[in-house]
Amino acid sequence: MGAGAYYVAPYLAPSRPFPCVAGTLVYHWHPQLDIYSAGAPVAIPANIGIEAGCHQPLHTHDTSGKIHIETDRTRTYSIGDFFTVWGRVFGNPRQMLVNGTSVNPTRDVILYDQETIRLEYASFA
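What follows is the structure, encoded as structure tokens:
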């Protein structure tokens, strides 16, 4: 049992909040994330959630803001999950729009295919 704990711990290290995707994909979705800080667009980095030998189920390939959700597990993911993979604090956006509709800004909003999430912060550093 002790050996199992040593095997699992590195696999779920803080830089890898979810197990690496290894099996057949259950789904492959592409929500769009747009972040604004004091009215100016914020670039979302390429390769969030991608490192040698491990793809997190939520990741980016470029700076377009498109989140790739490629998962081998039957579960949903939230915007907060993406921020966790990114290693950023969700914080307190002053406004959150999902497909143009204002919603309560919370990290619990579930991500779905082809939706657009816009987060507006007074300051996002």
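According to the working numbering, the sequence shown holds residues 6 to 130 in order. Cβ coordinates follow ideal geometry from the N, Cα and C atoms, glycine included.
query, result
"CB-CB length for Phe87 against Leu63, believed under 8 angstroms", "5 angstroms"
"Beta-carbon spacing of Ser83, Ile115 below 8 angstroms", "yes"
"Coil, strand or helix - Val90 by DSSP", "helix"
"CA nearest to the CA of Arg123, picked from Ala130, Tyr117, Thr106", "Thr106"
"Through-space distance from Pro50 to Ala10, alpha-carbon basis", "Only weak support is given to the placement of Ala10: the predicted model assigns it a pLDDT of 38, under 50, and the question is left unresolved by the model."
"Residues near Asp67 by beta carbon distance below 7 angstroms, same chain, minus five either side", "Ala51"
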